[in-house]
Amino acid sequence: MIREAAPAKINLALHVRRRRDDGYHELETLFAFARHGDEVEVQRWPVPCFAVVGPFAAGLAGSDNLVVRAEAAFRAAFGVAQPHAIMLDKHLPVASGIGGGSADAAATLRALARLHGVAADDPRLFAVAAALGADVPACLLGRATFGSGRGDALVPVPGLGDMPALLVNPGVAVSTAAVFARWDGTDRGPVAAGETLARALAGRNDLQSPAAAIAPVIAEVVALLAAQPGATLARMSGSGATCFALFADAAARDAADAAVACARPGWWRLATTIA
Ligand SMILES: C[C@@](CO)(OP(=O)(O)O)[C@H](O)COP(=O)(O)OP(=O)(O)OC[C@H]1O[C@@H](n2ccc(N)nc2=O)[C@H](O)[C@@H]1O
Ligand SMILES: Nc1ncnc2c1ncn2[C@@H]1O[C@H](COP(=O)(O)OP(=O)(O)O)[C@@H](O)[C@H]1O
Numbered sequence: 007m008i009r010e011a012a013p014a015k016i017n018l019a020l021h022v023r024r025r026r027d028d029g030y031h032e033l034e035t036l037f038a039f040a041r042h043g044d045e046v047e048v049q050r051w052p053v054p055c056f057a058v059v060g061p062f063a064a065g066l067a068g069s070d071n072l073v074v075r076a077e078a079a080f081r082a083a084f085g086v087a088q089p090h091a092i093m094l095d096k097h098l099p100v101a102s103g104i105g106g107g108s109a110d111a112a113a114t115l116r117a118l119a120r121l122h123g124v125a126a127d128d129p130r131l132f133a134v135a136a137a138l139g140a141d142v143p144a145c146l147l148g149r150a151t152f153g154s155g156r157g158d159a160l161v162p163v164p165g166l167g168d169m170p171a172l173l174v175n176p177g178v179a180v181s182t183a184a185v186f187a188r189w190d191g192t193d194r195g196p197v198a199a200g201e202t203l204a205r206a207l208a209g210r211n212d213l214q215s216p217a218a219a220i221a222p223v224i225a226e227v228v229a230l231l232a233a234q235p236g237a238t239l240a241r242m243s244g245s246g247a248t249c250f251a252l253f254a255d256a257a258a259r260d261a262a263d264a265a266v267a268c269a270r271p272g273w274w275r276l277a278t279t280i281a
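For the sequence shown, this note's numbering gives the first residue as 7, with consecutive numbering after it.
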């Protein structure tokens, strides 16, 4: 059995530049990955088998799962006839801007590649990933990366070196397509060049206002995170509604975690570090 981590994806900055004719948007983004997330287990099996466990398993009941699509796409691309049993341990909230589905699909591809002796950097693996979703290639790479185009033209960048971070989701699922559709069409400029943290600090998330128009609680989450002592950056990730804050030290992150838990006990929180 092969076990692969599917870490939460965080968009440290996300600049939307242009709407394309195919309905997608040209963007520039700094991807980073948390130490924590979902987990996927894969093994050869005589019949197709897929199961979801974990705190957010119920949120996926009846959905067309990206893990299943990733397995089918891998078998088609690499000519693998035999099915697999796949178990997804779902810890990340669904449709929440931290790439849960994309991370799961990427972890499935990594696990299947290991199982079938496919090199982790095989270009066919990246082609399969890109066809599954704009974010899946970045999740397959799984390291700090600058993304442009649909978010799938990737250039690795230095990471944040295990920087303490707190992720908070207020419990509303927002549709990525609906948030992009509300973007106001204004190009506010590129992601700055330079050192990764400085680029993030100087950046924005252009989807934050459109997402907050759909789910106003997002503005409350960002404000609560920004008000925490020691927070160096508070911002929404992806198309939301999960927001993150970065901290210079773990004690400040843990104090913020406790403060958010007291203020809003129903909100999901993940105290982690960003690699
Ligand atoms: C916004 C981002 C930022 O990292 O993350 P999430 O909020 O999904 O985590 C991504 O661009 C999401 O990537 P992903 O979730 O893989 O998107 P896809 O399934 O390919 O596309 C879902 C829908 O989002 C819109 N979309 C997505 C990517 C992009 N560059 N432009 C778009 O307009 C399109 O309407 C598309 O139909
Ligand atoms: N394994 C999965 N995990 C999460 N969502 C999934 C998965 N498979 C399919 N989906 C569907 O994909 C959509 C986007 O989910 P997700 O990837 O969590 O969003 P985001 O990219 O905004 O974090 C959801 O509406 C969900 O129904």
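Ideal Cβ placement from N, Cα and C applies to all residues, glycine included.
Is the number of C-beta pairs between the stretch 260-271 and the stretch 181-194 that are closer than 8 Å three or more? no
Report the CB separation of Ala-19 from Leu-172 in whole angstroms; it is logged as a contact under 8 Å. Between Leu-172 and Ala-19 the Cβ distance is about 18 Å, and since that is not below 8 Å, they are no contact.
Coil, strand or helix - Ala-126 by DSSP: coil
Does DSSP put Gly-68 in a helix, a strand or coil? In this structure, Gly-68 counts as coil in the three-state DSSP scheme.
Please confirm whether any heavy atom of ligand 2 lies closer than 7 Å to the CB of Asp-141. yes
Could you check how far apart the C-beta atoms of Gly-103 and Ala-247 are, in whole angstroms? I think they sit under 8 Å. 6 Å
For the 8 Å Cβ check, are there 3 or more pairs between the stretch 94-113 and the stretch 31-46? Yes, they touch.
At which residues does the beta strand (DSSP E) containing Ser-154 begin and terminate? 151-154
Cβ of Ser-69 within 7 Å of any heavy atom in ligand 2? Taking non-hydrogen atoms of ligand 2 into account, the C-beta of Ser-69 is found less than 7 Å away from one of them.
Pick from Pro-176, Leu-213, Pro-170 that is closest to Gly-191, judged by C-alpha positions: Residue Leu-213 holds the alpha-carbon nearest to the alpha-carbon of Gly-191 among Pro-176, Leu-213, Pro-170.
Sequence-distant residues of the same chain with beta carbon closer than 6 Å to Glu-34, five excluded per side: Answer for Glu-34: His-21, Ser-154, Pro-196, Val-197, listed in chain order.
Whole alpha helix (DSSP H) elements within the stretch 196-271, 4-residue minimum: The stretch 196-271 contains, as complete alpha helix (DSSP H) runs of 4+ residues, the segments 202-208, 214-220, 223-232, 256-269 (chain order).
Within its chain, find whatever has a CB closer than 6 Å to the CB of Arg-47; leave out the 5 residues flanking it on each side and keep chain order. The sequence as given places Glu at residue 47; Arg does not occur at that position. If we look at Glu-47 and ignore the five residues flanking it on each side, its Cβ neighbours are Met-7, Arg-9, Met-93.
By DSSP's criteria, Glu-47 is part of a beta bridge. Which residues make up the other side? Arg-9, Met-93
Starting from the Cα of His-90, find the closest Cα among Leu-160, Phe-253, Ala-57 and give me that residue. Ala-57
Report all residues from its chain with a CB closer than 6 Å to the CB of Asp-193; omit the five preceding and five following residues, and keep chain order. Arg-23
Report whether the distance from the Cβ of Asp-110 to the nearest heavy atom of ligand 2 is below 7 Å. yes
Do you know whose CA, among Asp-141, Ala-14, Ala-12, Val-174, lies nearest Ala-229's CA? Taking the Cα of Ala-229 as reference, the smallest distance to any Cα among Asp-141, Ala-14, Ala-12, Val-174 is reached at Val-174.
Using the C-alpha atoms, what's the distance from Arg-156 back to Tyr-30? 7 Å
Taking 8 Å as the threshold (C-beta atoms), are Ala-64 and Gly-43 in contact? It is not a contact, given that the beta carbons lie outside the stated cut-off.
So Thr-279 is in the beta strand (DSSP E); what residue range does that whole segment cover? 274-280
Look up Leu-138 in the DSSP assignment and say whether it is helix, strand or coil. helix
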